[in-house]
Every structure is written in structure tokens, then in C-alpha cells.
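Peer 1: Chains as they are written, first to last, in the working numbering: chain A, 5 to 385; chain B, 5 to 385; chain C, 5 to 385.
Take this structure first; my questions come after.
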Amino acid sequence: MFKRSLTTVLLTALAIIVPAGTASAAGLSEQTTQLFQYHRGQDVALMLMLVAFLMMFIRRYEWGVALATLLVLVTSWPLYLIIHTGLLGNGLNIDALILAFFCSITLVIAIGVFLGHISTIHYLLAAVLFVPAYMVNEWFLFTYLDGVLDAGGSILVHMFAAYWGWGVILALRNLRVKDEPVQTSVHSVSFVWLASMLLFVLWPSFVTALLPPEQIIPAMINCYLALMASTLVTYLLLYALKRTIDPLVYTYALLAGGVAIGATVDLATPWQSWLIGLFGGVVSTLSFVYLHDWLLARTGVLDTMGVHNLHGVPGILGGLAPLAIAGASWSQLAAIAGTFALALATGFITGLVLRLFKPPAIMLDDAESFPVEDMRATEPA
Amino acid sequence: MFKRSLTTVLLTALAIIVPAGTASAAGLSEQTTQLFQYHRGQDVALMLMLVAFLMMFIRRYEWGVALATLLVLVTSWPLYLIIHTGLLGNGLNIDALILAFFCSITLVIAIGVFLGHISTIHYLLAAVLFVPAYMVNEWFLFTYLDGVLDAGGSILVHMFAAYWGWGVILALRNLRVKDEPVQTSVHSVSFVWLASMLLFVLWPSFVTALLPPEQIIPAMINCYLALMASTLVTYLLLYALKRTIDPLVYTYALLAGGVAIGATVDLATPWQSWLIGLFGGVVSTLSFVYLHDWLLARTGVLDTMGVHNLHGVPGILGGLAPLAIAGASWSQLAAIAGTFALALATGFITGLVLRLFKPPAIMLDDAESFPVEDMRATEPA
Amino acid sequence: MFKRSLTTVLLTALAIIVPAGTASAAGLSEQTTQLFQYHRGQDVALMLMLVAFLMMFIRRYEWGVALATLLVLVTSWPLYLIIHTGLLGNGLNIDALILAFFCSITLVIAIGVFLGHISTIHYLLAAVLFVPAYMVNEWFLFTYLDGVLDAGGSILVHMFAAYWGWGVILALRNLRVKDEPVQTSVHSVSFVWLASMLLFVLWPSFVTALLPPEQIIPAMINCYLALMASTLVTYLLLYALKRTIDPLVYTYALLAGGVAIGATVDLATPWQSWLIGLFGGVVSTLSFVYLHDWLLARTGVLDTMGVHNLHGVPGILGGLAPLAIAGASWSQLAAIAGTFALALATGFITGLVLRLFKPPAIMLDDAESFPVEDMRATEPA
């Protein structure tokens, strides 16, 4: 993604030199291209906020999720930009803004693994430790390696989020979280439906945010086809397996098509996109239904929001897809293996640092940060 | 709409042949025009999801509405594209994507008539039967007939949705639904307010999605003026009639201006738009307050979400508006009558097919699809 | 803002005369520029609706806030356009549409001061009285005065809203409102989180809505930096002062960076923007924590939504910022002082008029407008 965005930057630098009227073979001036990115960049930011609402199903732990999301956003986004542009100097443009939101949304996904495991104020520290790790992986994928295909972030965003988060909980080993009661309410889950359905619609802006103009519409169609397939197959599979639809599996796994299509959104045919989404939905559903409990039993630590099931496994699947359909080179495998190792390792170090602090007295509960006593006394839900 | 979009397609085909610098009289290249459609297309998809939240006022039946919406979307959208483009081949572009979302949003509106009447899994079948019927009507309006005015879908979308849905319930005759208790809660209705207010704002993207660039801003202004008028008059009329505002009438009928302006959004003056919206609000409010119960008594079947009151009657009004202000030909009347007949007939056939299956054991209740027992045991709402 | 938008209008008028190919130094035709404004204009309308949800924390008074918002919107928006364009004649373009939404969003913010103080139907009257007052202040800032810097509305929108609203309650003197019980529920406050987080993301569209194309991306980055700073510092300050986070301070004050950056969003450096946001967050938080109760004690009247704390004080701060960083002239001080006086005076007159009518029998309660008895009987929340 970064690599191709570099190409874009070079092409547009060229476009500035060439007279405006002939700026782009496709007929778009550099400024037009950048202004088209304005709204896709904003959509990525909207998605980041909606990820918080996707994670608000625990009825006693909603505001804490929103707060943690905001804290890691406002720490990581400026920090990424400061490093990326040399103290907010050269290159502070729309591409940089979007790359910074990619970094922050990866972190927001990642904290889903350990929400409730640490005190709220320590998310600030987690964010400071996350940004350099993410940027090293970005460099590894698109500068160190050559020819890695990942325009829509299957590897860079989703895989890295899941395994960095898992690195944190493996080091942190806060075993008490999994014994906390997790109850939902109608509307805590209705917020999840809202978030999931809006994320579905906005997803094309995420995977096309850094694509050149002529690839945007085809990629948009591919992205929607993948999401349609995962939304359909997740329902059919849950129905076949259980005859009932767990809303906390369905609202998550339906998005797996968007995760899985990330690496091939600009390369796949429409039918291939639909199939990649289909496989994404299948592996995500199976991960939620079977793998989640198995991992919990094996490791003893709880992936609070099941990030591994939506972002980890479908992210790997998406990263592998270019091997099947786009003749990707070995660097694609190196990208997947390297991201897995780097994310786990840097997450583990972060977890060790976070372990220096006392775990929160109250877990998975808004009472950790907010004065909720009066309200709870007068309202049952 | 389709017809005019065909004109657009032809014009843009021309634009591709003519050198880019002079591509469009208005100064926009074909690619720029298409990229401007990206976000309006996405807005239509957002509206489709929000229609689900508009229908979530029954406090025990929220997730089921979201699930049905998603299932008909992910079946109808690819199916429309497969037929429209010959197995996802030629013409898979932004216009096709938007036309497919028009088909799907029409279906999402239509299922509002019979939500709760059928088992969830049968929405998949309903979607498969809907798409060809919708496409025949699309052909009837814009290929068979000549000169039909309906840029914003008063006839194609709103009328067809209402009468196809009514065709289904008339054939299905599931009489038990109307005896189910329908209770609301503060927040089930607050989600409806959210959906209605966001639909208000997004509506211009729906009615301008296929308009040529120079008509977009004037149509946006017309659309907002119509919605402002219906929102105002609905309040005044409800206040005059009842001295109290039923939120489940108000949040729906306020949108009637958007339905009614559909056929003339590119033709009306600003004042005409405001008046069309005003009449839309009046007929919708009166339909909710009086016609709804009368139809229920006469037919014995329940239009669950009152689709006829927001989309049926204001859709007809909107379809007639070009006769008054734009000198429409007789084909406009043929369009309205033909859509009425075609929608009812194809809906009726769909209802007969759906009647072959057992009605759901539990109606208007999330328990039909989801495991809600534990949650309901611990939470009153 | 208006002034600079006038410049834009003049430049674009020029662009129409000059052949399209060379229309703009930056390579954008007038039509492209206008179509880019389409979505920013729509975003401003979305923000207006979300302001309603920001004010929905009182669990028995949610729908009433939405209704009041809609009523003042649908009265003020057409009225502004009618006056601005001479009965919807010349100049009814995207700039006018956005200026009208600025007027309406200012009013929606302003009614936050006196929500619950008046009967619902009187919001229509308040809107009719507001529009001319707002337009006089707009004329004062950008036609009478010369060189006022306020591209993003710190003075025009936020200051005017707060002091006009305060003018109303000072004249109205409905002292009973402050004795009404104000209880929240989990989800009434979760809607506030949703609104606040989406407003954060959409804010750049508000402050760039009327900027020329080449300033949009830098201003977007400045706006996000300011919001990141206020969101961070508000948390740290609340934590330092109280060790607990009042969600009804936090979700509001985090937006103060957006308010404060308004006047300098197109002039500040990125670091200056971050610092302005930081100061905005500090003064807003301190206003919520200390000033709010002091003003209530001194004046005896309740600013229902704490508008002064988010829009009044940070608005003044934002208005002063150009003096520090952009070498603003004395007219900047005249703009702030004049807006303060004009808003208070016209608000006071409005309050005197509204005082002619009986205060509502039920305050801060949806029962004032809606039939809620049945629902409340069956649902505790």
C-alpha cells in the first residue's frame, strides 16, 4: 500500500511539473485527485470511530470503549505524523493524513484484544509504544521487501492489529478478565448492528484510499462484492451449524469479506472478489465458533473482542490471496510471516511494559473510569 | 431515471472519444464525473442501511430487521448486477453499481410491508423473486415507454416498493401478525429518529445519483426544500389534528417530501419543490392517521411498517407532479398505472410462492432468529 | 468567512469568463469546485443533526430535542435562503446552501441554551426571530468590518450561538427549569458519545466548507490536530482534577479544539493548531467544571446543555487567536465585542417575545410533545 502510494506521490510530483491541462493521462489534475481523497480519508476516520461502537456490546462497558478509542487515536495520529513528516514539516499532505489514520485504526482494532485488561490511562502508553512498531512493519512490507501486494491493508492493518494485540495479552497475562461477567442488552447490541452496517458501506473508502483514480470504481465494486459474499455465507453457515444466529458472531464475521479482499482489491476480478469474500466469511465464522474457545483454553488469556477471528485469520487469508490470483512473489509469504513475527514480538514487549503497572481494580466496566453509581441506581439497564 | 442515465452514458462515451481537454461542455472529464458519483453511490448504500434503523421501533424486534435487510441486500445487489452486466462482464461501472443499489433499496423498503410475516431465511427467496420483477418494471418505464420523468425514483423506487410489498401480503394472508403485541422503548424509537434525520440529510445523494453534473446542485437544493416543507407541515398537521406528536408518524412522514420530489427534482423551481414537499407531507400524514387503519380493516392484512403511507401515496403524488409542472405526456400516467399493476401482480406471485412455506412460529420478535433468552432474563427492556 | 467566500465567488465569476481550460490557477474548474462543496455542505447538515444527539443525554427528554432541532432547521434554512437570494432567485447556489446551513446550525446550537425553557411549538417563532439577527451579525462581521478572520466560524457560529441563547434565557427567566430532575441512562449517554465522535470526524468539512480548493487539505489537517489536542487534554485535566471522567463534560469539551480553531484554521501552522486546540480543551473543561455553576448561581438561569462552556468561551478564545498568530487588526476585537453585544441584545429581545407565552407545563420531558404514557408504563428506562 505504502509502496503504491509512493508511486502515486511520484506520479503526482510529475503531474505538478507537467502543465496542468495535461496533468494526468486520466484527465485528473493532482489537486482534483487529492480533493477526491479528502472524503475517503474522512471515511477512514469515521470507520475508526465506528470500530468503537462495534465493540460496545457489553452493557456495562460502553463508554470505556469509546474513551479508550479516543485516547489511542489522539496519541497515535499526531505521533505517526510527527515521525512520518519530520516534526510536521515536509509531506504533511492528504496521503500522510490517511496513512496516519491507517496506523490509528490498526491500533483501535488491536486494543480490542485487550480491552478491559489494562487501566484506561495506560492506553496512552500503549499508543506510544505501538506507533514505532507499526511503522517498522510498514517499512518492512513496502521498503525492505519488494512486490508485496496489500493495497487494502489485509496484512498491514488487520494482521498486524490482531497479532500485536495478542502479543500484548500473552505478555500481560491478566487472567482475571475472562472471569468477568459479560452481559449484553438489546441496545448495546443494536449499536453493534449500526456500526457493522455502516462499516460495510464505508469499507470501499478504506481499501481505495490510496489507489490512483482509475482503480477506485473497480475496487469499490470488488469490495462490495466481497462483503456481500461474507454477509451471505456467514448467515448460511451459522444457520447450518446452530439453527440460530449469534448476533455477536454475525455482526463481526459479515465484515470478513472486507478484511480478506484487502490485498487483492485492485487485482481480482469481480467473481474472484466474491469468492475471496466467501472464504473470508467462512474462516471468520469458524474462528468465532471453534477457534476462539480453543485459543482461550490453550493460552488462558481472553481476546476480549475476538479480534483474531475477524482480523487475524481473514487477514492471513487475504494476504495469501495474491498468490492464487495475482502471481505474487515469495515476498508475499515473507510479508505475512514477517508481520506475524514482528507484531507478536513488539506486542509482547508492549505487554511486558504494561505489566509493570497494576491491573485495573474493575474490569470490563465503565465504573473504572466514570461516575456511574447514581445512574445505575435509578436505571436497571 | 434509467433513460436519462442512458443519455449520460452515451454522452460520456462521446466524451471519451473527444479529447479530454474538451470532454464536457461543463468542463468535467468522464473520470471526474464518475468519481463524483462514488460518494453519492455510497450515500445510497448508507441510506439503505438506515432504512433498517427507521424500522427498528419494535423493542423486541430490532436485530431481525437488520438481519432481513442485510439478507435481501446481499442477494439482490449481486443478482441485479449479474443480470444487468451479463455475468459481471461489460458495463460493470459506477452507474451499474448505483442502479443495483436502487434495486436493493427498493426491496429493503418493500420488505417493510411484510416484516414479521415470513421466516427470516425466506427473505433470500423473496429477494431472488424481486429482482426480475423490478427489472421488468425498470424496462417498462424507461425503455418500453418514452418520456417518463422520474429522475429521483418516485415511481421506480417508492411506488414499486409499496405495491410489490402489498402484493406479497395480500397473497400471503398471514393474519396473525396483526395480533402480535408491538411495544416500543425510548431508545428503539431514538434509533428511528437517528435514521430519519440522517436519511433527510443524505436524500439529495439519492435523487441526484444519476443526474449529469450541472443538475446536481440545483436538485440538491430542491430536494432539501421539499424535505423542509414536509417536516414542517407534518408537525403542524399532527399538532392540529391531535395536539400530540406520534413519533412513529412524524419520523416517517417528515421524509415524504423526499419521496414526492423524486420525479421532478431536476425540473421543478425551488418554490414548486417546497410545495411538492408540503403536499407530500400532508398526504403521508393523513395516510398514517386515517388510511392505514382503513386498509387494515378492509384487507385484514397488516403493512407492518406503514410503507404504503410513506412510499405508496407520496410516490403516486410525486409521479403525478410532472403533469402539473413539467408538461409530462400521457406516458407518465401509463408509468404510474403500469407500475401499480406490475408491482401488485409480481408481488402477489411472490406472496403465493412464499405461502408454500410454513409461517414463522414467532412473529415480530428477535427470538425467531436469535438466542435472546439469557439476555431477556437479565434485562427488562 | 462570508468575506472570503465573497472573494471565492468573485474569483469563480472570473473563472467563468476565462475559458474553462485555464479556469483556475490550481487547475479546478468552477463546476468541479462546486461539486466538491456538495459533500462538505452535506456534512455540515449531518453535523447539525448530530448536534441534536449530542444533547440527548436526559433519558426522559430525547425525542423532544430531535423535534426542536428539526423545527428550527426547517424554519430557519428556507428563511435564510429567501432573504439571502431575494425570494429564492439569483444566487441560489452551493455557497448559499452552505451559508444557510451555517445559520441553521448556529440556531441549533443556540437552542441548546434554552431547551426545556419554552413550549415546542414556540421554537418556530424563535427561529423566525433568530434569522434576521444572525444575518445582521454576518453583515457586521464581513461587510461592515474589514479584515475579520473567521473562516471556520469561531465568532459567527459558536460565539453568536452561545450569547444569543444566553440573551434568551436572561430575558425569559424561566427559573423552574433548573429544579427539574435530570437523569441519564447508559444509552442516552452512548448516543452522546456517538454524536461527539462523528462530529469530531466531520468537523473539517465545517471549517473548510467555504475555503478555496488549495486550502482545504491543510485546513483539514489543522482541524484534526486541534481536535486531537482538546480530546487529549480534556481527559488529562479531568483525570487530574477529579480522578473520574464525567462523560457529559468529556464528550462535549473534547470538541472544543474544533470550536477554537475556527478563526485560524486556514492561517495557523500545524503546531499552532494543536496548541490552539489544547487551550480550547482547557478553557472548555474549566468552564464546565467551574464556570457553569458560578453562572447558574449568579444569574439564576440554567444553560441547559452548557452551550456557553463549549461554544461561548472557546469561541472567544478562537476569535482572539488570529491576534496572536496572524497579525489580525483591531477589527478582530471589534468583531468579538460586537458579536457579544449583538447576540446578547437580539437574544434578549427574542426572550422578551417568547415570555409573552405561557411556559410549558412539563419541562425537560418528552411528555410535553409526545404520547409516552403507555411506553413508560411497560418500560423502566
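Glycine residues also receive a C-beta, built at the ideal position from the N, C-alpha and C atoms.
For clarity, every value in this text was computed on a predicted model and none was experimentally measured.
Which ranges does the alpha helix (DSSP H) cover as unbroken runs of at least 4 residues, wholly within the segment 185-234 of chain B, from first to last along the chain?
Peer 2: 190-211
Peer 1: Using a beta-carbon distance below 9 angstroms, is Ala332 (chain C) in contact with chain A?
Peer 2: no
Peer 1: Kindly indicate which three-state DSSP category Thr248 (chain C) falls into: helix, strand or coil?
Peer 2: coil
Peer 1: Do the segment 90-97 of chain A and the segment 339-352 of chain A make contact, defined as three or more Cβ pairs closer than 8 angstroms?
Peer 2: no
Peer 1: Using a Cβ-Cβ cut-off of 9 angstroms, state whether Ala56 (chain A) counts as contacting chain B.
Peer 2: Not closer than 9 angstroms to any Cβ of chain B, the Cβ of Ala56 (chain A) fails to qualify, so no.
Peer 1: Can you give me the C-alpha to C-alpha distance between Leu54 (chain B) and Phe204 (chain A), rounded to a whole angstrom?
Peer 2: 12 angstroms
Peer 1: Relative to the C-alpha of Leu52 (chain B), which candidate in B:Ile102, B:Asp250, B:Ala260 has its C-alpha closest?
Peer 2: B:Ile102
Peer 1: Checking contacts by CB at 9 angstroms: is Asn94 (chain B) closer than that to chain A?
Peer 2: no
Peer 1: Give the C-beta separation of Val263 (chain C) and Gly284 (chain C) to the nearest angstrom, bearing in mind that I take them to be a contact with Cβ-Cβ under 8 angstroms.
Peer 2: 6 angstroms
Peer 1: Do you know whose CA, among A:Leu176, A:Gly281, A:Pro185, lies nearest Leu356 (chain A)'s CA?
Peer 2: A:Leu176
Peer 1: Output needed for Pro364 (chain B): all residues of its chain with C-beta closer than 6 angstroms, excluding positions within five of it in sequence on either side, in chain order.
Peer 2: Ser123, Glu372
Peer 1: Of the residues B:Thr36, B:Arg63, B:Ala72, which one's Cα is nearest the Cα of Thr255 (chain A)?
Peer 2: B:Ala72
Peer 1: Could you compute how far the alpha carbon of Ala27 (chain A) sits from the alpha carbon of Trp143 (chain B)?
Peer 2: Any reading at Ala27 (chain A) must be qualified, since the residue scores a pLDDT of 36, below 50, and its modelled position is unreliable; no value is offered.
Peer 1: On the CB-based measure, 16 or more other CB atoms within 10 Å of its CB, does Arg302 (chain C) come out buried or exposed?
Peer 2: With fewer than 16 other Cβ atoms inside 10 Å of its own Cβ, Arg302 (chain C) counts as exposed.
Peer 1: Any Cβ of chain C within less than 9 angstroms of the Cβ of Glu66 (chain A)?
Peer 2: yes
Peer 1: First and last residue of the alpha helix (DSSP H) that includes Leu58 (chain C)?
Peer 2: 34-58
Peer 1: Could you please give the first and the last residue of the uninterrupted alpha helix (DSSP H) stretch that includes Phe144 (chain B)?
Peer 2: That residue, Phe144 (chain B), is in no alpha helix (DSSP H); it is neither H nor E in DSSP.
Peer 1: Report the CB separation of Val76 (chain A) from Tyr127 (chain A) in whole angstroms; it is logged as a contact under 8 angstroms.
Peer 2: 5 angstroms
Peer 1: Counting only beta-carbon separations shorter than 9 angstroms, does Asp47 (chain B) have a partner in chain C?
Peer 2: yes
Peer 1: For Pro326 (chain A), collect the residues of the same chain with a Cβ closer than 6 angstroms to its Cβ; drop the 5 residues on either side in sequence, then sort them by chain order.
Peer 2: Leu153, Ala267, Thr268, Ala332, Gln336
Peer 1: Take Trp81 (chain B) and list the residues in its own chain whose beta-carbon comes closer than 6 angstroms to its own, dropping the five residues that flank it on each side.
Peer 2: Ala104, Ser108
Peer 1: Just to check my reading of the structure: Gly304 (chain B) and Leu179 (chain B) have Cβ atoms closer than 8 angstroms, yes? What is that Cβ distance to the nearest angstrom?
Peer 2: 6 angstroms
Peer 1: Cα separation between Met379 (chain A) and Ile113 (chain A)?
Peer 2: 29 angstroms
Peer 1: Let's test the definition: count the other Cβ atoms within 10 Å of the Cβ of Val271 (chain A) and tell me whether it reaches 16, buried, or not, exposed.
Peer 2: Correcting the residue type first, residue 271 (chain A) is Leu in the shown sequence and not Val. With 16 or more other CB atoms across the displayed protein chains lying within 10 angstroms of its CB, Leu271 (chain A) is buried.
Peer 1: Compare the Cα-Cα distances from Ser277 (chain B) to each of B:Tyr243, B:Gly319, B:Asp307, B:Ala223 and report the closest residue.
Peer 2: B:Ala223
Peer 1: Answer yes or no: do Met59 (chain C) and Met232 (chain C) have a C-beta to C-beta separation smaller than 9 angstroms?
Peer 2: No; because the gap between Cβ atoms is not below 9 angstroms, this pair is not in contact.
Peer 1: Check the Cβ-Cβ distances between Ser1 (chain B) and every residue of chain C, and say whether any is below 9 angstroms.
Peer 2: Because residue 1 (chain B) is not part of the residues shown, which for chain B are 5 to 385, the question remains open.
Peer 1: Count the other C-beta atoms from every protein chain shown that fall within 10 angstroms of the C-beta of Gly45 (chain A), then say buried if there are 16 or more, exposed otherwise.
Peer 2: Gly45 (chain A) comes out buried.
Peer 1: For the putative contact between Gly351 (chain B) and Val172 (chain B), defined by C-beta atoms under 8 angstroms, what is the C-beta separation to the nearest angstrom?
Peer 2: 5 angstroms
Peer 1: Looking at chain B, which residues of the segment 70-104 of chain A have a Cβ within less than 7 angstroms of any of its Cβ atoms?
Peer 2: none
Peer 1: Per DSSP, what kind of secondary structure is Ile280 (chain A) in: helix, strand or coil?
Peer 2: It is helical.
Peer 1: Exposed or buried, Trp298 (chain A), counting other C-beta atoms within 10 Å across all chains shown (16 or more means buried)?
Peer 2: exposed
Peer 1: Does the distance from the CB of Ser288 (chain C) to the CB of Ala244 (chain C) come in under 9 angstroms?
Peer 2: Result no, Cβ atoms of Ser288 (chain C) and Ala244 (chain C) do not sit closer than 9 angstroms.
Peer 1: Just to confirm before moving on: does the CB-CB distance between Leu202 (chain B) and Ser234 (chain B) stay below 9 angstroms?
Peer 2: no
Peer 1: Can you name the residues of chain B whose CB is closer than 9 angstroms to the CB of Val190 (chain A)?
Peer 2: Arg63, Arg64, Glu66, Trp67, Ser189, His191, Ser192, Asp370, Val376, Met379, Arg380, Glu383, Ala385
Peer 1: Against chain C, does Leu52 (chain A) count as a neighbour if the rule is that its beta carbon must be under 9 angstroms from one of theirs?
Peer 2: Chain C, which has a Cβ nearer than 9 angstroms to the Cβ of Leu52 (chain A), makes this yes.
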